[in-house]
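Reading through the structure tokens given below for one structure.
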Amino acid sequence: MSTSSSYPLGRDYPSIPDGDLPAGLLAFFDLTESEVELILTKRGPQNRLGFAIQLTFLRSLGRFPKPQEIASLPRPVVEHVAAQLHISDGVAVLSTYGSHDGLTRRHAKEIRSACGWKPYSKGEAALKSMLVSRATYTEEGVKALLRRAVAWLREQRIELSGERTLTDLVRSVRGASDQEMWQALLAPYADRLSELDRLTAVPDNERKSPLAELQRGPGKPAWTNLAGAFARNHEVQSLGLPPADTRVFSARRLSHLARFATEHEVQRTKRRAATVAAVARLTETAADDAVDMLVHLIANDLIGRARRRTEKERSAIFPDLAHSAAVMREVGKDLLDTRHEKVDAETGEIIPPVADTMTVREFLDKLEDMPAFEAAVTVAGELAPAMGSDSDEARRAKMIKRIDLLKTYLPHIVGGLAYRHGTPEARHVLDALWSLTDLIDRPAISRAEADERLLTGSWKELALRAPHLSPEMVDTAAYAFCVVERFYSRLLRREIFVEGASKWGNPEADLPSPTEWAALRASVSKSLGLPLDAVAHLKRLGQELHTKTRAIAERLPKDRQFQVSDGGRLVLSTAPLPPDPKGCPVTAGHRRGGLGASGVITASDSAWIAKRAGPQATARSSQLPTM
47 MSTSSSYPLG RDYPSIPDGD LPAGLLAFFD LTESEVELIL TKRGPQNRLG FAIQLTFLRS
107 LGRFPKPQEI ASLPRPVVEH VAAQLHISDG VAVLSTYGSH DGLTRRHAKE IRSACGWKPY
167 SKGEAALKSM LVSRATYTEE GVKALLRRAV AWLREQRIEL SGERTLTDLV RSVRGASDQE
227 MWQALLAPYA DRLSELDRLT AVPDNERKSP LAELQRGPGK PAWTNLAGAF ARNHEVQSLG
287 LPPADTRVFS ARRLSHLARF ATEHEVQRTK RRAATVAAVA RLTETAADDA VDMLVHLIAN
347 DLIGRARRRT EKERSAIFPD LAHSAAVMRE VGKDLLDTRH EKVDAETGEI IPPVADTMTV
407 REFLDKLEDM PAFEAAVTVA GELAPAMGSD SDEARRAKMI KRIDLLKTYL PHIVGGLAYR
467 HGTPEARHVL DALWSLTDLI DRPAISRAEA DERLLTGSWK ELALRAPHLS PEMVDTAAYA
527 FCVVERFYSR LLRREIFVEG ASKWGNPEAD LPSPTEWAAL RASVSKSLGL PLDAVAHLKR
587 LGQELHTKTR AIAERLPKDR QFQVSDGGRL VLSTAPLPPD PKGCPVTAGH RRGGLGASGV
647 ITASDSAWIA KRAGPQATAR SSQLPTM
């Protein structure tokens, strides 16, 4: 087999390695009791040993050994099998095996029947079908497909063919699939092949081809690079090459093929097909790169910078606001207490509640800290947002001050990409965004020109109730930033998406229709090695997961805590487990601090609460759920 985890015995094609044997190799040649019983039915030690070698060879490597392989097996392997059959000098005994014509073939036929294996000829068609599906939907090369073919044959209990036969089959399938893909990609460009060649040709006095220049990223996120990112996307889109259909061609295969577009050593057909794949990939990534930069600048510069400055100012004014809130809290508590009856602790006299506004006024006039209360109200009015606003008002007010920056780059934001909406609310946001270019240069606009459905919370305060505005006008700067912020949030939720993009594109665009999925389901499932019945498959996986989890739990220390890390590793804690709540006695002394030991109010808990709290609590405790 192979030195990888899949094949621990040798190369990608299963075989016994030359030289020193790897650790654990002999375990593959251990015999089970049922196998020993079958072997002992043979007459003569040479026949029993030869039969056992063929049986373990098939079970371990998935194929029968050739005569020359039997003769050249390493001594440790032969002696290990012979020892289990109580045969001494196994190498000498094995050298006499197969002297009778056809004996090894008869033994192989018997082993095949007893162990449920089929010859390669009966599984070749199914293997080729699996390889074709895999080659169609993945970019796996010959080596990866060869490993998958070996694993599939072993899983299906189908004997492996010769190494050359299997390798040739994999190469032919991979080559045919690639040729089919190249021809299909180039079919729409039969009259534009020279244009494809110009994209990959390096002009005189230049160091890179036009395609290589376009493949360069737009640079670090910065407002000065934003226009370049949109221009790069526009240049890619203007090439006029229709994008490849990812429902026909796997995105992974297209991405893998695109890497060969600028390599002139590959054959011309492959390079041209790679150019088409590269342009198709570039069409998506150029749009994604532009949106990535735009989202980063809105989040970290427009919103993030204003948020950081606001939080810094809030930290500075927090002591004043906290003191004002404490003063208002004490006065408010005393004022609210005037609404209820009071009992004089010395005389027992019941003092009636304050009932009229004149008495409340007298109460306020008698406050010793009335100046402090008035100052606290003034500070709170200056620092706290107005009623109907929100905690983002200060941050948004700082954003508005950068209106000149937004004026500069708004044409690029609005016209640089093909935005589409996925919800009615997103459509309102896009309509407002597209109309901003005609409104942004005016200090104020009429209410009829603004979409007031977008103005909620502090945006309503800033856009409609600014001191310098007349009632029928809207502050343009506040409205513009409100639209940009709404656009940003809808873009993150993919309610607004970009046509032609991948990451920021329509999340439902590449989903096949029910009719298309019905046609693709069988081949996709076959390429992934999954059954068509997903319910039964998931149920089986769930049962396996449960069994393995229980098995792992049984091996863990009983007196230690553990958790599963982000990497999937079990991390044991050195701290002992806390006391088991189920083992704690429940008494009245325990209940004084809270609920019962289980954290659930039981019937006895309710009775104890009622007894301690009196008749008023009894009425309330009767409404509590009990166990």
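Reading the sequence shown from the start, the letters are residues 47 to 673 in the working numbering. Think of the CB as a built atom: it goes at the ideal place given N, C-alpha and C, for glycine as much as any other residue.
Between the CA atoms of ASP484 and ALA258 - distance to the nearest angstrom: 38 Å
Contacting residues, own chain, Cβ-Cβ under 6 Å from THR321 (five flanking each side not counted): LEU242, LEU245, THR246 and ALA307
ALA117: CB within 6 Å of a non-hydrogen atom of the ligand PLP: The ligand PLP is not part of this structure, which contains no ligands at all.
Backbone secondary structure at ILE62 - three-state DSSP: coil
Own chain residues within Cβ distance below 7 Å of GLU201, not counting five before or after: none
DSSP state of SER548 mapped onto helix, strand, coil: coil
Sequence-distant residues of the same chain with beta carbon closer than 8 Å to CYS161, five excluded per side: LEU101, LEU104, ARG105 and ARG203
With 16 other Cβ atoms within 10 Å as the buried cut-off, status of PHE419: buried
Residue(s) in a DSSP beta bridge with PHE543: ARG466
Secondary structure of ILE491, DSSP reduced to three states: strand
Residues that DSSP places opposite GLN609 in a beta bridge: VAL617
Residues that DSSP places opposite ILE397 in a beta bridge: LYS388
Top-ranked residue by Cα proximity to ALA674, from ARG220, ARG466 and SER141: In the structure as shown, the chain starts at 47 and stops at 673, and residue 674 therefore has no counterpart that could be examined.
Stretch pair the stretch 511-520 + the stretch 487-497: three plus CB contacts closer than 8 Å: yes
Every unbroken alpha helix (DSSP H) inside the stretch 486-533 [4 residues or more]: 504-510
Cross-strand partners of LYS594 (DSSP beta bridge): Answer by DSSP bridge pairing: none, since LYS594 is not bridged.
Between the CA atoms of GLU439 and VAL529 - distance to the nearest angstrom: 15 Å
One or two residues paired with ILE204 in a DSSP bridge: LYS164
Span separating the alpha-carbon of ILE446 from that of GLU541: 25 Å
Whole-angstrom C-beta distance between LYS444 and ARG355, which should lie under 8 Å: 6 Å
Same chain, Cβ closer than 7 Å to TYR166, five either side skipped, listed in chain order: ILE204, GLU205, LEU206 and SER207
Where the alpha helix (DSSP H) through GLU252 begins and ends: That residue, GLU252, is in no alpha helix (DSSP H); it is neither H nor E in DSSP.
Backbone CA spacing between SER569 and ALA197 [nearest angstrom]: 19 Å
Distance between TRP269 and THR454 (C-alpha atoms, nearest Å): 10 Å
Opening and closing residue of the alpha helix (DSSP H) in which VAL123 lies: 121-130
Buried or exposed (CB count within 10 angstroms, at least 16 for buried), GLU226: exposed
Beta-carbon proximity list for PRO553, same chain, < 6 Å, skipping 5 on both sides: ARG540
Assigned exposure category for GLY187 - 16 Cβ within 10 Å defines buried: exposed
Three CB pairs or more closer than 8 Å across the stretch 119-138 and the stretch 209-221: no
SER652, DSSP secondary structure in three states: Only weak support is given to the placement of SER652: the predicted model assigns it a pLDDT of 44, under 50, and the value that follows is read from those uncertain coordinates. It is helical.
Nearest-angstrom Cα separation, counted from ALA352 out to LEU641: With a pLDDT of 42 at LEU641, under the threshold of 50, the modelled position of this residue cannot be trusted, and the question is left open.
Residue of GLU562, LYS174, PRO113 and SER437 minimising C-alpha distance to GLY503: SER437
Element boundaries [alpha helix (DSSP H), containing ILE449]: 449-461
Cβ neighbour criterion (16 or more within 10 Å) applied to TRP505: buried
Collapsed DSSP secondary structure at THR561 in the structure displayed: helix
Simplified DSSP assignment, three categories, for ILE85: helix
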